[in-house]
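Chemist: Count along the sequence shown starting at 1, add 4, and that's the number in my numbering.
Quick reminder that beta carbons are idealized off the backbone N, C-alpha and C, glycines included.
All values reported here derive from a predicted model rather than from experimental measurement.
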Amino acid sequence: MKFSACLAALFGAVFVFLPAAAAPVDAGHARVELISERDAALPGETVYAALKMDLDDGWHVYWLNAGDAGLPPQVIAQPSSDIKAGAIGDIVWPLPHLLPVVEGEIMDYGYNHQVVFPFPITIPEDAMGPVTLDVVADYLICEDTCVPEQARVKLKLETDQAEANIREGELIGKWIAKSHVPFPGEARVLKKDLNWSLSLRLDGGFGKVRSIRFFPFGHDILHPAAQPVELGRHGATVSLSAADMTDVSKPLDGVVVIEQEDGARTGYEISAVEGPPLPDTSGLGPVGGVGIQVAAWKLILLAILGGLILNLMPCVLPVLSMKAFGMVSAVSSGHAGEVRRHGIWYTAGVLVSFGVLAAIIVALRAATGPITLGFQLQNAPVVAILALVMFAVGLWLMGMFELGTSLQNLGSGLADRDGDAGAFFTGVLAAVVGSPCVGPFLGAALGAVMGHSAPVVFTFFLAMGFGLALPFLVLSFVPNLYKLLPRPGKWMDTLKQFFAFPMFLTAAWLAKVLGDLAGSGAVAWTAAGAVAIAFAAWLWQREARLPRILAAVTLALTLFGVTERAMAPAPAIGASSAYAAKYEAEPWSASQVQSLIAEGRPIFIDFTASWCATCQVNKATTLKSKAVHDFFAANDVAFLVADFTRKDPAIAAELARHQRAGVPMYLWYPAGSDEPQVLPEILNQGLVTSLPVNP
């Protein structure tokens, strides 16, 4: 009897110190329990309570922004509760997870399995004894279908002392730690149409990152859209797709969730104001990319090899024809020193141009985020001026005007220097026109080099230029080679005039690119500019001073007028839509890719541009062939075109995600696979028709 009494007293003492929470309530698809970090609290004190929810497998509840569909849980105080609604604070939301509902179309944010929602409560100042927290947990829980559920749960707290509940207190503290904190750095968003770029700057960067995802508080962005991320030395840049009808005047508010390689997740609350990208928030390649792991010396070798192959690209051949004529002219002097100097000046022109290009890329990379090769040909005024320069060079080759005579008339004996200047200018042209032609070996190497420091970027581009200039440099320094060139004669005048036609063809090609960029009006103005340049060249041949002044004025007005017209707003056409219509394809978008993957269709994506000569060759020889057309039709292949003729941040981000710094890029998705195969830059029919349809 005494033993039974002692045992009863012992258990009674234990239950005094057990949590005052009631048993979990089974609401249907979740077990809901109200817990507290304290068993007792003093009047006026604020402590944390929490809803603890254990969900059925496959079911989920929502974050404060549910995404495309859903509702967040609510804690509703009941009339019988001693702790009223005004004493119950906001839920401390744990970091959300992505919940794809329909792949590529509907994305929700929330939680699976178990989740704890902490919230602060304040004990009434006039509490004289135990107080009860009586609330209803109101929530939407979903699997394939959604079910609204409620659970009424209660909690009793003593108020005569402050006493911790160690077990539940640790659990609540753990889930509070899973919430977001204020961002200690700076956030800024660049809003360009519906393509936004969110730059996040934090001194020292984010460490070894596995993924970065932005979760908005509102519906400013398309929730299911991919968010390509590029890292920088002091942060990262996230590419976002804005929703239609978004109020662009408001800051972009939300939580950035950063997952480290060890699985640890950190969330930062941001309010990004509009402005240019923050410095050092890009340039180290995409999250999870291998670009920053490529050894610098391998990149340099690839750059030299790629530069050598660049000599074979169609866009460079017209300039090389002009260089070949210059080399023959230099050989005609009969002096080895003249030939060597010609080769050195040509190489200098190439290297200076590639050095300037590297400087521009490094500067723009720091200021605006990811940069792609060929960006200069996405600028309509640059294309217009290049077309006129090519046309003027053609006129010079045809003999419409001679610069050498005028320079000699200056009385400073510049005949020889004119040859050097011509060689240097030829090198500049080869670099400017050739750089967008990303040949074999250069696609991956250019994507990788963006993961290195500025000195490596400069070295890479100089090595590429050295590879481009190397054949003529070797030819100029090895007498046994240049002596094989034919002897000078009358044929040289004929050859010089013949080389004018590749220049005119290049000008015509650039005019076509200009039309894609700025419309037919810009092409018409450029054609008129070409006539004006021909008129200026005709005037320049006159010995009198007045005609030459008129020629100079005509040239200046032409360049000004054409540049101004080319800067006019471009025709409003959707990205990729023009090319897609031409090649019986669909315009590319990240959401379209996800939809096609969900349908189980194979996908071929052509990242192209009208100024990319390699792209045009691949189209003519492979993508428009009957064999490839029949292969696509027989296997229900979705053919998507991403037209990069104009600057497109979404396409630039996709190129960076696959460690590519320019077009062409070709991706192949087997049926139902979300892992694409990156194809070679040079295609052939056999390669495409042998692609595996199934993973």
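In terms of residues, what are the limits of the alpha helix (DSSP H) holding S694?
Modeler: Counted from its first residue, the sequence shown places residue 694 at position 690. Careful: S694 lies outside any alpha helix (DSSP H) and carries neither H nor E.
Chemist: My guess is that G533 and L392 are in contact by the Cβ rule of under 8 angstroms, so how many angstroms apart are they, rounded?
Modeler: Translated into the one-based positions of the sequence shown, residue 533 becomes position 529. Translated into the one-based positions of the sequence shown, residue 392 becomes position 388. At roughly 6 angstroms, the Cβ-Cβ gap stays under 8 angstroms, so G533 and L392 are in contact.
Chemist: Just how far apart, CA to CA, sit I80 and K212?
Modeler: Walking along the sequence shown from the start, residue 80 turns up at place 76. Walking along the sequence shown from the start, residue 212 turns up at place 208. Their Cα atoms are separated by approximately 41 angstroms.
Chemist: Please list the terminal residues of the continuous beta strand (DSSP E) segment that includes E278.
Modeler: Sequence index remark: in the sequence shown, residue 278 carries index 274 (1-based). Note, E278: beta strand (DSSP E), R269 to E278.
Chemist: In chain order, what residues of the same chain have a beta carbon less than 8 angstroms from the beta carbon of G114, not counting five sequence neighbours either side?
Modeler: Counting from one through the sequence shown, the residue named residue 114 turns up at place 110. Only H64, V65, Y66, W67, A70, G71, G74, P100, H101 and L103 meet the Cβ criterion.
Chemist: Flag this pair as yes or no: are the beta carbons of F221 and G173 separated by less than 8 angstroms?
Modeler: By one-based count along the sequence shown, residue 221 stands at place 217. By one-based count along the sequence shown, residue 173 stands at place 169. The answer is no: Cβ separation not under 8 angstroms.
Chemist: Pairs of beta-carbons, one from the region 240 to 249 and one from the region 195 to 203, closer than 8 angstroms: are there three or more?
Modeler: Taking 8 angstroms as the limit for Cβ pairs, the verdict is that the region 195 to 203 does touch the region 240 to 249.
Chemist: Taking the DSSP output, what are the residues bridged to E172?
Modeler: As a working note, residue 172 is residue 168 in the sequence shown. For E172, which the question treats as bridged, DSSP gives no partner whatsoever.
Chemist: Run through the DSSP bridge pairs and tell me what Q501 is partnered with.
Modeler: The sequence position of residue 501 within the sequence shown is 497, counting from 1. Looking at the DSSP assignment, Q501 forms no beta bridge with any residue, so it has no partner.
Chemist: Taking Cβ to Cβ, would you say L161 is nearer than 8 angstroms to P134?
Modeler: Numbered from 1 along the sequence shown, position 157 holds the residue referred to as residue 161. Numbered from 1 along the sequence shown, position 130 holds the residue referred to as residue 134. Against a cut-off of 8 angstroms, the Cβ pair of P134 and L161 comes out as a contact.
Chemist: So is S40 buried or exposed if we call it buried at 16+ other beta carbons inside 10 Å?
Modeler: As a first step, residue 40 is located in the sequence shown; it is residue number 36 there, counting from the start. Burial call: buried.
Chemist: Assuming G310 and G471 form a contact by the criterion Cβ under 8 angstroms, report the distance between their Cβ atoms to the nearest whole angstrom.
Modeler: Here residue 310 refers to the residue found at position 306 when the sequence shown is read from its first residue. Here residue 471 refers to the residue found at position 467 when the sequence shown is read from its first residue. Their Cβ separation, rounded to whole angstroms, is 6 angstroms, which keeps G310 and G471 in contact under 8 angstroms.
Chemist: Where does the unbroken alpha helix (DSSP H) through G222 begin, and where does it stop?
Modeler: Position 218 of the sequence shown, counted from the first residue, corresponds to residue 222. Taken as a continuous stretch (DSSP letters only), G222 belongs to no alpha helix (DSSP H), as it is neither H nor E.
Chemist: Could you check what DSSP says for T285 in three-state terms: helix, strand or coil?
Modeler: Position 281 of the sequence shown, counting from 1, holds the residue named residue 285. Note: T285 maps to coil in three-state DSSP.
Chemist: Cutting at 8 angstroms between CB atoms, please list the residues of its own chain near G209, excluding the five before and the five after it.
Modeler: Counting from 1 along the sequence shown, the entry for residue 209 is found at position 205. Once the five neighbours on either side are set aside, the close Cβ partners of G209 are L235, G236, R237, H238, G239 and A240.
Chemist: Check whether the region 629 to 647 and the region 250 to 265 are in contact - that is, three or more C-beta pairs closer than 8 angstroms.
Modeler: Touching, no, given that fewer than three Cβ pairs across the two stretches are closer than 8 angstroms.
Chemist: If you count every other CB in all the chains shown that lies within 10 Å of the CB of P699, and 16 or more means buried, which is it?
Modeler: Within the sequence shown, residue 699 is the residue found at index 695, counting from 1. Exposed is the call here.
Chemist: Answer with buried or exposed for S614, where buried requires no fewer than 16 other C-beta atoms within 10 angstroms of its C-beta.
Modeler: Here residue 614 is taken as the residue at index 610 of the sequence shown, counted from 1. Its Cβ being crowded by 16 or more others within 10 Å, S614 is buried.
Chemist: At 3 residues or longer, what runs of the beta strand (DSSP E) sit wholly inside the region 181 to 236?
Modeler: DSSP runs (the beta strand (DSSP E)) wholly in the region 181 to 236: 190 to 196, 199 to 205, 213 to 220 and 233 to 236.
Chemist: How is the alpha helix (DSSP H) around F470 delimited, first residue to last?
Modeler: Translated into positions along the sequence shown, residue 470 becomes position 466. Taken as a continuous stretch (DSSP letters only), the alpha helix (DSSP H) holding F470 covers A458 to F481.
Chemist: DSSP three-state label for T649, please.
Modeler: For the purposes of this step, residue 649 is taken as residue 645 along the sequence shown, with counting starting at 1. Note: T649 maps to coil in three-state DSSP.
Chemist: Can you tell me the Cα-Cα spacing of A362 and V621, whole angstroms?
Modeler: Taking the sequence shown and counting its residues from 1, one reaches residue 362 at position 358. Taking the sequence shown and counting its residues from 1, one reaches residue 621 at position 617. Going by the C-alpha atoms only, they are around 27 angstroms apart.
Chemist: Using only the alpha-carbon positions, how far apart do E658 and V233 sit?
Modeler: Counting from one through the sequence shown, the residue named residue 658 turns up at place 654. Counting from one through the sequence shown, the residue named residue 233 turns up at place 229. When rounded, the distance between both Cα atoms is 10 angstroms.
Chemist: Using the three-state DSSP reduction, which class does E658 fall into: helix, strand or coil?
Modeler: For the purposes of this step, residue 658 is taken as the residue at position 654 of the sequence shown. E658 falls in the helix class under three-state DSSP.
Chemist: Between V527 and E263, what straight-line distance do the alpha-carbon atoms span, to the nearest angstrom?
Modeler: Position 523 of the sequence shown, counted from the first residue, corresponds to residue 527. Position 259 of the sequence shown, counted from the first residue, corresponds to residue 263. Roughly 50 angstroms separates the two Cα atoms.
Chemist: Measuring only the C-alpha atoms, how far is A229 from V193?
Modeler: Here residue 229 refers to the residue found at position 225 of the sequence shown. Here residue 193 refers to the residue found at position 189 of the sequence shown. So the alpha carbons of these two residues sit roughly 17 angstroms apart.
Chemist: Can you grab the Cα-Cα spacing for the pair V645 / M669, in whole Å?
Modeler: Taking the first residue of the sequence shown as position 1, residue 645 is located at position 641. Taking the first residue of the sequence shown as position 1, residue 669 is located at position 665. Rounded to the nearest angstrom, the two C-alpha atoms are 11 angstroms apart.
Chemist: Kindly indicate the opening and closing residues of the beta strand (DSSP E) around M394.
Modeler: Counting from one through the sequence shown, the residue named residue 394 turns up at place 390. That residue, M394, is in no beta strand (DSSP E); its alpha helix (DSSP H) goes A384 to M402.
Chemist: Run the CB neighbour count on Q501, radius 10 Å, all protein chains shown included, and call it buried at 16 or more, exposed below.
Modeler: Position 497 of the sequence shown, counted from the start, is the residue given in the question as residue 501. Exposed: under 16 other Cβ atoms inside 10 Å.
Chemist: Tell me whether D266 is buried or exposed, calling it buried when 16 or more other Cβ atoms sit within 10 Å of its Cβ.
Modeler: Indexing the sequence shown from 1 puts residue 266 at position 262. D266 comes out exposed.
Chemist: Whose C-beta lies closer than 6 angstroms to the C-beta of D58 among residues of the same chain, with five residues either side of it excluded?
Modeler: The residue you call residue 58 lines up with position 54 of the sequence shown. Excluding positions up to five away in sequence, the list reads R35 and Q118.
Chemist: Answer yes or no: do G359 and L466 have a C-beta to C-beta separation smaller than 8 angstroms?
Modeler: Counting from 1 along the sequence shown, the entry for residue 359 is found at position 355. Counting from 1 along the sequence shown, the entry for residue 466 is found at position 462. Yes, the pair counts as a contact, with Cβ atoms nearer than the cut-off.
Chemist: Going along the chain, which unbroken runs of the beta strand (DSSP E) with 3 or more residues stay wholly within the region 59 to 125?
Modeler: Segments of the beta strand (DSSP E) lying fully in the region 59 to 125: 64 to 71, 78 to 81, 101 to 106 and 110 to 116.
Chemist: Quick check on the burial criterion: 16 or more other C-beta atoms within 10 angstroms. Buried or exposed for S524?
Modeler: Position 520 of the sequence shown, counting from 1, holds the residue named residue 524. S524 comes out exposed.
Chemist: Taking the straight line between their C-alpha atoms, what separation do you get for D610 and T626?
Modeler: Looking up residue 610 in the sequence shown gives position 606. Looking up residue 626 in the sequence shown gives position 622. Distance between the alpha carbons of D610 and T626: 12 angstroms.
Chemist: Is it right to say L282 is buried, meaning 16 or more other beta carbons lie within 10 angstroms of its own, or is it exposed?
Modeler: As a first step, residue 282 is located in the sequence shown; it is residue number 278 there, counting from the start. Under this definition L282 is a buried residue.
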